[in-house]
């Protein structure tokens, strides 16, 4: 298996394969997204590749099949207000949101085919898109304890702690993020 980095529109040549991985990863429990979300992902991807600091990593088998990917970019200032960003800002507060997240590498997607899970590939993809970015962060749903545990094992620090009802999102700071030691620990 090899991991290739992309920094712009050349990633779109693999859009169909990325969509297939997205379906495999997110249209099953615990995410249970419908296939329409995968079409939305591909639609967003066409704009995402133009974002400042865009970077992506894709994992290819020896035969050229895509088995995983991660996408990331630099978070803009002012802090975005679409998607789940308001929940992140509410959890951190306005000052920390700007100081910790704006200008940092934001991991948007991380997906691995079910057949490649447990191989270390997700960690390798995450490392590939953050290698040159000590200030890295991501949002994820608290719906999957397995995913939360994965990020912790990879050295990421949970910086927000939504209610324990299995709903909501949380912010994780990368292992080299300078603010990770300042993040509030869960009660």
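Residue numbers (full-length UniProt numbering): 1 to 187. Virtual Cβ for every residue (Gly too), placed ideally from N, Cα, C.
Have a look at the DSSP bridge pairing and note the partners of residue i.
i	result
residue 139	171
residue 70	57, 110
residue 4	58
residue 157	173
residue 105	74, 136
Which same chain residues end up closer than 6 angstroms to residue i when comparing Cβ atoms and leaving out the 5 residues on each side of it in sequence?
i	result
residue 55	7, 72, 129
residue 57	3, 5, 70, 125, 128, 129
residue 101	75, 137
residue 52	74
residue 17	66
Quick check on the burial criterion: 16 or more other C-beta atoms within 10 angstroms. Buried or exposed for residue i?
i	result
residue 75	buried
residue 82	exposed
residue 93	exposed
residue 91	buried
residue 181	exposed
residue 47	exposed
residue 89	buried
Helix, strand or coil: how does DSSP classify residue i here?
i	result
residue 182	helix
residue 97	helix
residue 117	coil
residue 82	coil
residue 64	coil
residue 152	helix
residue 20	helix
residue 42	helix
residue 36	helix
residue 131	coil
residue 51	coil
Grab me the residues of residue i's own chain with a C-beta within less than 8 angstroms of its C-beta, minus the 5 sequence neighbours each way, in chain order.
i	result
residue 23	35, 38
residue 109	22, 41, 69, 70, 71
Among the residues of its own chain, which have a CB less than 7 angstroms from the CB of residue i, if the five just before and after it don't count?
i	result
residue 14	58, 66
residue 147	140
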